[in-house]
Amino acid sequence: MLATNSIRFWIVFIPLIGIFSLASWLTYDTIFHATSDYEFCTSCHSHKPIGTSYLEDVHGGNNAVGFRATCSQCHIPQDNSFNYLWVKSLHGVIDPTMELLKDPHDIDWHGHREKRESYTYDSGCLSCHKFLQEKTLANTKAFLPHRRYFLNSENQQDSEKLSCVGCHKHVGHKNLGLHLEQHGWKNSQNNETSSQGD
Amino acid sequence: MRAVTTPLRSAAVLLFSLLISTGVTAGNTAQVKTLKIDRHLTAAGKECISCHQKHTPGQVADWKESRHAHAGVSCIDCHQVSEDSPMATQHESLVGTDIFVTPLVSPAVCGRCHVDAKKQFDASGHFRSYRQIIPKDSLHALTQVHEGQGIPELNGAPNETGCMQCHGTKIELDKHGKPTPETWPNNGMGNIYPDGSTGSCTACHSRHKFSIAEARKPAACASCHLGPDHPDIEIYNNSKHGHIYNSDSQDWKWDSPPDAWEPGDYRAPTCATCHMSGIGELNVTHNVSERLFWNLWAKESKVRNSDDVMSPLLGNGPAGRAKMEKVCSNCHSSQHTKNYFTQGDKAVRLYNEGYYAPATKMLKELKEKKLLKDNPWADEFQITYYHLWHHQGRRARQGAMMGAADYAHWHGFFELQMDLYKLKDIYKKRLETGKIEH
Numbered sequence: 003m004l005a006t007n008s009i010r011f012w013i014v015f016i017p018l019i020g021i022f023s024l025a026s027w028l029t030y031d032t033i034f035h036a037t038s039d040y041e042f043c044t045s046c047h048s049h050k051p052i053g054t055s056y057l058e059d060v061h062g063g064n065n066a067v068g069f070r071a072t073c074s075q076c077h078i079p080q081d082n083s084f085n086y087l088w089v090k091s092l093h094g095v096i097d098p099t100m101e102l103l104k105d106p107h108d109i110d111w112h113g114h115r116e117k118r119e120s121y122t123y124d125s126g127c128l129s130c131h132k133f134l135q136e137k138t139l140a141n142t143k144a145f146l147p148h149r150r151y152f153l154n155s156e157n158q159q160d161s162e163k164l165s166c167v168g169c170h171k172h173v174g175h176k177n178l179g180l181h182l183e184q185h186g187w188k189n190s191q192n193n194e195t196s197s198q199g200d
Numbered sequence: 055m056r057a058v059t060t061p062l063r064s065a066a067v068l069l070f071s072l073l074i075s076t077g078v079t080a081g082n083t084a085q086v087k088t089l090k091i092d093r094h095l096t097a098a099g100k101e102c103i104s105c106h107q108k109h110t111p112g113q114v115a116d117w118k119e120s121r122h123a124h125a126g127v128s129c130i131d132c133h134q135v136s137e138d139s140p141m142a143t144q145h146e147s148l149v150g151t152d153i154f155v156t157p158l159v160s161p162a163v164c165g166r167c168h169v170d171a172k173k174q175f176d177a178s179g180h181f182r183s184y185r186q187i188i189p190k191d192s193l194h195a196l197t198q199v200h201e202g203q204g205i206p207e208l209n210g211a212p213n214e215t216g217c218m219q220c221h222g223t224k225i226e227l228d229k230h231g232k233p234t235p236e237t238w239p240n241n242g243m244g245n246i247y248p249d250g251s252t253g254s255c256t257a258c259h260s261r262h263k264f265s266i267a268e269a270r271k272p273a274a275c276a277s278c279h280l281g282p283d284h285p286d287i288e289i290y291n292n293s294k295h296g297h298i299y300n301s302d303s304q305d306w307k308w309d310s311p312p313d314a315w316e317p318g319d320y321r322a323p324t325c326a327t328c329h330m331s332g333i334g335e336l337n338v339t340h341n342v343s344e345r346l347f348w349n350l351w352a353k354e355s356k357v358r359n360s361d362d363v364m365s366p367l368l369g370n371g372p373a374g375r376a377k378m379e380k381v382c383s384n385c386h387s388s389q390h391t392k393n394y395f396t397q398g399d400k401a402v403r404l405y406n407e408g409y410y411a412p413a414t415k416m417l418k419e420l421k422e423k424k425l426l427k428d429n430p431w432a433d434e435f436q437i438t439y440y441h442l443w444h445h446q447g448r449r450a451r452q453g454a455m456m457g458a459a460d461y462a463h464w465h466g467f468f469e470l471q472m473d474l475y476k477l478k479d480i481y482k483k484r485l486e487t488g489k490i491e492h
């Protein structure tokens, strides 16, 4: 009798675990995707120029094939799931809080561009640009810096390492400096990022 | 018979002269009608080349000789900027396109590919070339008030045609994003570009050929390191290294790859060989301070001991000396090298102790007793003191450390002793009379 009850319990419980897991995965996956793209991220006022400059860029859909990289593909690390979840959660808490507490124009976007290497992740770039190493080693123009990036990255100290956006300063957001100016973020001083092509 | 051969002969002569003239013009871009290059360049990139080949053929001819051309790096790769750059301009043929260009190509641009070269340069004494003179009020007074005679619209000339051309400046833009005539053109080593980066790669690798061979020759350094205050090219020519270079360098190999330019490619070192090149165990570096022991240009020579790129003592003296000895060891015995540096160090110490110290002691005392003129350039004591350290003192030290007997002696210590006696004489008179002589 006892054994029959126990079996009945497990027959019901095991599928329930499965259904719960599936439902929670579906929910989180939907949430993650829904909060990772242009439409969600640029709904905050502070991110308007970030969005308009993105739409002008190849990565924002301004290309012949209709491809678009999502915000999170570049700005959340793609190296492992825990890191992904951690950084996304941090942004999920900090970004909306600051949006509410701060005047958006107090955000020093021009200054933040200088720190882009800290919030743009190579793992994101490389998860789409999977064959970058092979392609750039066969391209005379791109060969030199990309060989330096790939071949030595394991033997180098952090200060020696290169990152994608360290060199590709404008990638993802075309003419961001102009878009920021147009949306009311005045650039008080010239800096390296606002001045160069990539 | 004659009637037949003459026209034939004339035709042959004509054909021959045609061949000669074709031979002469071959390879001269200026006379080729269209330089058609594909090399996976973009349409816009190709347009730069074909149009500039007509309007500024010298630039394209230079580029054609460069390694950039081999690699498919063309005008637009270095000169294009984004629209939001303060340097963004468009000449007539670009208006209406989304292509923006600038004549200013900063070290940050070169550093996009030449990553390590830029990092090493940014950690070198050359980085300081302009930045170190920004706070020097006495220098600005010299060029603007004295040399410029205080004439407002003209007193920038001595700096713009002099200092700036070697030291560089902060390049300013007009409201159209074009560089101002007060700050550009110049190839000064320490330029601060509108993008914030510092340096001028073209100071040594002149545009648009950017040749490694050129930068390895003493002439690349000589356009700044010359003259009464640091006659380094004269010192080099005076040295045995220079003697061999000047008599025997026509067939040396100048374009070996970095780190692989070794004795055998040359019979004697140039400036670059000792101060920068990968030779023997050493790797190539764009940090010219890395192999130095002394500072040989300051008023007093001290051993280098600073990590601060803005410090005149940037570098690590003992480590620098060890590296330089490794350079020497490619051609010289350890005994030769050791004795050589013993000779040079003795001369530097003699300058410090025998000339700088007593001269500075007198200067300080006269200053305390208000026995110096306000205008240093009309004061015999201060002029002589300046010559003592800035001219003859540097010549003695740099001549001694780089093997130039004439500069160590006749242009150096010989003049130093006369300077010192003159200073002592003026000092004595001023103290005795309590007045500055007229």
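Chains as they are written, first to last, in the numbering used here: chain A, 3 to 200; chain B, 55 to 492.
Note that CB positions come from ideal geometry on N, CA and C, so glycine has one too.
Owing to the predicted nature of the structure, the values given are computational and were not obtained by experimental measurement.
- When the Cα atoms are used, residue 410(B) and residue 435(B) turn out to be separated by approximately 14 Å.
- Contact annotation: in the stretch 164-181 of chain B, residues whose CB is within less than 9 Å of a CB in chain A are 165, 166, 167, 168, 169, 170, 173.
- Residue 309(B) has a beta carbon lying at 8 Å or more from every beta carbon in chain A.
- Where residue 177(B) is concerned, there is no enclosing alpha helix (DSSP H), because DSSP gives it neither an H nor an E.
- With respect to chain A, the C-beta atom of residue 119(B) has no partner C-beta closer than 8 Å.
- Around residue 137(B), the beta-carbon contacts reaching into chain A at under 7 Å are 177, 180.
- The C-beta of residue 127(A) comes no closer than 8 Å to any C-beta of chain B.
- Within 9 Å of the CB of residue 127(B), the CB atoms of chain A belong to 142, 143, in sequence order along the chain.
- For residue 467(B), the three-state secondary structure derived from DSSP is helix.
- Residue 227(B) sits away from residue 206(B), with the two beta carbons spaced by 8 Å or more.
- Following the DSSP letters along the chain, one finds residue 455(B) inside the alpha helix (DSSP H) bounded by residues 447-455.
- Annotated as distal: residue 110(A) and residue 165(A), with beta-carbon spacing of 8 Å or more.
- Per DSSP, reduced to three states, the secondary structure at residue 127(B) is coil, with no helix or strand assignment.
- When DSSP states are grouped into helix, strand and coil, residue 443(B) belongs to the helix group.
- Per DSSP, the unbroken alpha helix (DSSP H) holding residue 272(B) starts and ends at 272-276.
- Within chain A, the residues 143 have their CB atoms less than 8 Å from the CB of residue 131(B), given in chain order.
- For residue 170(B), the closest C-alpha among the options 92(A), 119(A), 148(A), 141(A) is that of 148(A).
- Within chain B, the residues whose beta carbon sits less than 7 Å from that of residue 164(A) are 169, listed in sequence order.
- Here residue 447(B) is buried. Its C-beta has 16 or more other C-beta atoms within 10 Å.
- Closer than 8 Å to the CB of residue 146(A) there is at least one CB belonging to chain B.
- Residue 455(B) places its beta carbon 8 Å or farther from that of residue 336(B).
- A residue is called buried once 16 or more other Cβ atoms fall within 10 Å of its Cβ, and residue 176(A) is buried on that count.
- Shortest Cα-Cα distance from residue 468(B) to any of 128(B), 252(B), 330(B), 449(B) involves 449(B).
- Only residues of its own chain outside the window of five on either side were considered, and among them 200 have a CB closer than 6 Å to the CB of residue 431(B), listed in chain order.
- When 7 Å is used as the limit between beta carbons, residue 150(A) is near these residues of chain B: 169, in chain order.
- Linking residue 44(A) to residue 53(A) through their CA atoms gives a straight-line distance of about 6 Å.
- Interface annotation for the stretch 31-64 of chain A against chain B: empty, criterion Cβ-Cβ distance under 8 Å.
- Here residue 330(B) is buried: its Cβ has 16 or more other Cβ atoms, across all protein chains shown, within 10 Å.
- The straight-line gap separating the alpha-carbon atoms of residue 254(B) and residue 347(B) is approximately 25 Å.
- Counting along the chain, residue 414(B) sits inside the alpha helix (DSSP H) bounded by residues 411-422.
- Taken through DSSP and simplified to helix, strand or coil, residue 300(B) comes out as helix.
- With a 10 Å radius around the Cβ and a threshold of 16 neighbouring Cβ atoms, residue 192(B) comes out exposed.
- Comparing alpha-carbon positions, the option among 429(B), 424(B), 417(B), 423(B) lying closest to residue 439(B) turns out to be 417(B).
- When beta bridges are read from the DSSP output, residue 154(B) appears opposite 135(B).
- Not a single C-beta of chain B is nearer than 8 Å to the C-beta of residue 114(A).
- Residues of chain B with a Cβ closer than 7 Å to the Cβ of residue 172(A) are, in chain order, 136.
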